Amino acid sequence: MPIELKMPALSPTMEEGTLAKWLVKEGDAVSSGDILAEIETDKATMEFEAIDEGTIAKILVAEGTDEVKVGTVIAIIAEEGEDAGAVPSPVAAEAAPPSPPAGGEGSEERRADDRRSEDRRAENRDSEDRRKGDRRDERAEAPAPSKVGDRVKASPLARRIAEQKGLDLSAMSGSGPGGRIVKADIEGAAPGKP
């Protein structure tokens, strides 16, 4: 039976990452402990190891793909004796929810509950946005230095995005821990400006 390799959660708070580089290709034999890929988050770049052995049947997420959700199938390994070419692609993980039955008992109650739940979620999002806005205001007032000696403190993801946008990291101040430049700092800066 084919083995699905899923985007790992490299930290408890990780929700998505970048598949920075594949170190294997389709048809390669792998065994437990082999390094398959490099996964990049806004904080670090980590190696992704195989935990099973077999042959890389299909690579489903291309190298360099950003915002890959944790749990997304990124590749498939065919076990020994399986035809790697005959491995089917996985079914989409996010299937549409089943449609509610038309009419019937409780359908009005369910719709009212759904509306109340959606209202609560919207209120939570609004208050969270306000809290984030307050934190951004605090950071704007007193930006922490992002340089230590000659070294600029920035996450690997922030460095890559800054390079793509043509930004000079040494002229920026970061909002991350210890003044580290993070993805949000880069996305808030205009190209060519610090």
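Note that numbering that gives the first Met the number 0 has the sequence shown beginning at 0, numbered continuously upward.
Just so you know, even glycine gets a beta-carbon here, dropped at the ideal spot from N, CA and C.
Please read all numbers here as calculations on a predicted model, not as lab measurements.
Looking at C-beta atoms only, is the number of pairs between the segment 181 to 188 and the segment 48 to 55 that lie closer than 8 Å three or more? no
Answer yes or no: do A19 and E39 have a C-beta to C-beta separation smaller than 8 Å? yes
Can you tell which of T17, G173, K5 and I58 has its C-alpha closest to the C-alpha of M45? That would be T17, whose Cα lies nearest to the Cα of M45.
Check for me: the alpha helix (DSSP H) holding L156 runs from which residue to which? Run containing L156: P155 to K164, per the alpha helix (DSSP H) assignment.
Rounded C-beta distance between L59 and I75? I'm assuming under 8 Å. 7 Å
Please report the straight-line C-alpha distance between M0 and R179, rounded to a whole angstrom. 45 Å
Assign A157 to buried or exposed, taking buried as 16 or more other Cβ atoms, counted over all protein chains shown, within 10 Å of its Cβ. Classification for A157: buried.
C-alpha distance - E162 paired with W21, whole-angstrom precision: 21 Å
With distances taken from CA atoms, which of F47, D41 and K42 is nearest G32? F47
Can you find the residues in the same chain that come closer than 7 Å, C-beta to C-beta, to V181, ignoring five residues on each side of it along the sequence? D41, S154, A157, G173, S174 and G175
What is the DSSP secondary structure of L18, counted as helix, strand or coil? strand
CB of A15 within 8 Å of CB of V69, strictly: The displayed chain sequence assigns Glu, not Ala, to residue 15. In contact: E15 and V69 (Cβ atoms closer than 8 Å).
In this structure, does DSSP put A77 in helix, strand or coil? strand
May I ask you to list the residues that DSSP assigns as paired with E25? DSSP, once it has assigned bridges, lists no residue as partnering E25.
In its own chain, which residues sit with a C-beta less than 6 Å from the C-beta of G80, not counting the 5 before and 5 after it? Answer for G80: no residue qualifies.
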